[in-house]
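Residue numbering for the sequence shown follows this note's numbering, beginning at 13 and increasing consecutively. C-beta: ideal position from N, C-alpha, C; glycine also. None of the values given here were measured: they were computed from a predicted structure.
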Amino acid sequence: MNIASTLLLALAMSTDAFAAAVGKGAALHRPRLREALKTGVIFGVIEAITPLVGWGLGRAAAPYVMSWDHWLAFGLLTILGLRMIRSGFTAPEVTEEKPDSHSFWVLALTGLATSIDAMAVGAGLAFIDVDIVSTAATIGFATMIMVTIGFMVGKMLGVMVGRRAEIGGGLILIGIGSVILAEHLGYMS
13 MNIASTLLLA
23 LAMSTDAFAA
33 AVGKGAALHR
43 PRLREALKTG
53 VIFGVIEAIT
63 PLVGWGLGRA
73 AAPYVMSWDH
83 WLAFGLLTIL
93 GLRMIRSGFT
103 APEVTEEKPD
113 SHSFWVLALT
123 GLATSIDAMA
133 VGAGLAFIDV
143 DIVSTAATIG
153 FATMIMVTIG
163 FMVGKMLGVM
173 VGRRAEIGGG
183 LILIGIGSVI
193 LAEHLGYMS
């Protein structure tokens, strides 16, 4: 996987976390930079760990699926992309009361929920030639930046922008899966 694919993957993986962060920022009475940075770090660390876990699970299964691994990567990325697109079209929850901050556990659980797809992507990456540590670090760093920004602008932009970002991220995942499949089938060199 080249650097452009890695950066696009990191961007795609961070969009659902960005959407959640916009919602978290919009849900607060007044989002503060300190809260945004805390949220960014929590989401980024979780988003960096989950592809490593998925990659380890995928490597354990690799000898059993070597002849159709490209189809597996394509399928996983397409399913995750479609899930993100569907989620982007889902109406956001409306809450009446706005707190001043979110607890660590609420943020960690939200970060974990938005990173399950990164675990599946990590499993798919186990079947191709990729430096998983640098890829996971790139995903985590991109998520930290996107979440921090999303959290701070959540109040101004509202939930709708976050939903559009999630749709774009889903389309990127489907595109990456298609490129992996085309490369393995010999359509791209």
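With respect to the C-alpha of Gly37, the residue from Glu195, Leu185 and Met158 having the closest C-alpha is Met158. Runs of the alpha helix (DSSP H) spanning 4 or more residues and lying entirely within the stretch 68 to 102 occur at 81 to 101, in chain order. With a beta-carbon spacing of about 3 angstroms, Gly70 and Ala138 fall inside the 8 angstroms limit used to define contacts. Sorting Leu64, Ala194, Ala85 and Ala48 by C-alpha distance to the C-alpha of Ser127 places Leu64 at the top.
In the DSSP assignment, Ala130 falls within the unbroken alpha helix (DSSP H) covering Phe116 to Leu137. Only residues of its own chain outside the window of five on either side were considered, and among them none has a CB closer than 6 angstroms to the CB of Ala16. The straight-line gap separating the alpha-carbon atoms of Gly87 and Asp141 is approximately 18 angstroms. Assignment of Asp141 by DSSP, reduced to helix, strand and coil, places it in the coil class.
Contact annotation: Ile192 and Ala85 have beta-carbon atoms nearer than 8 angstroms. Pairwise C-beta distances place the stretch 128 to 136 out of contact with the stretch 41 to 53, as fewer than three of them are shorter than 8 angstroms. Within the same chain, and ignoring the five residues on either side of Ile144 in sequence, the residues whose Cβ sits closer than 8 angstroms to its Cβ are Pro63, Leu64, Trp67, Gly134, Leu137 and Ala138. Around the beta carbon of Leu119, 16 or more other beta carbons lie within 10 angstroms, which makes this residue buried.
One alpha carbon belongs to Ile54, the other to Ser190, and they sit about 31 angstroms apart. Approximately 5 angstroms separates the beta-carbon atoms of Gly152 and Glu59; this is inside 8 angstroms, confirming the contact. A straight line joining the alpha-carbon of Phe101 with that of Arg176 spans about 8 angstroms.
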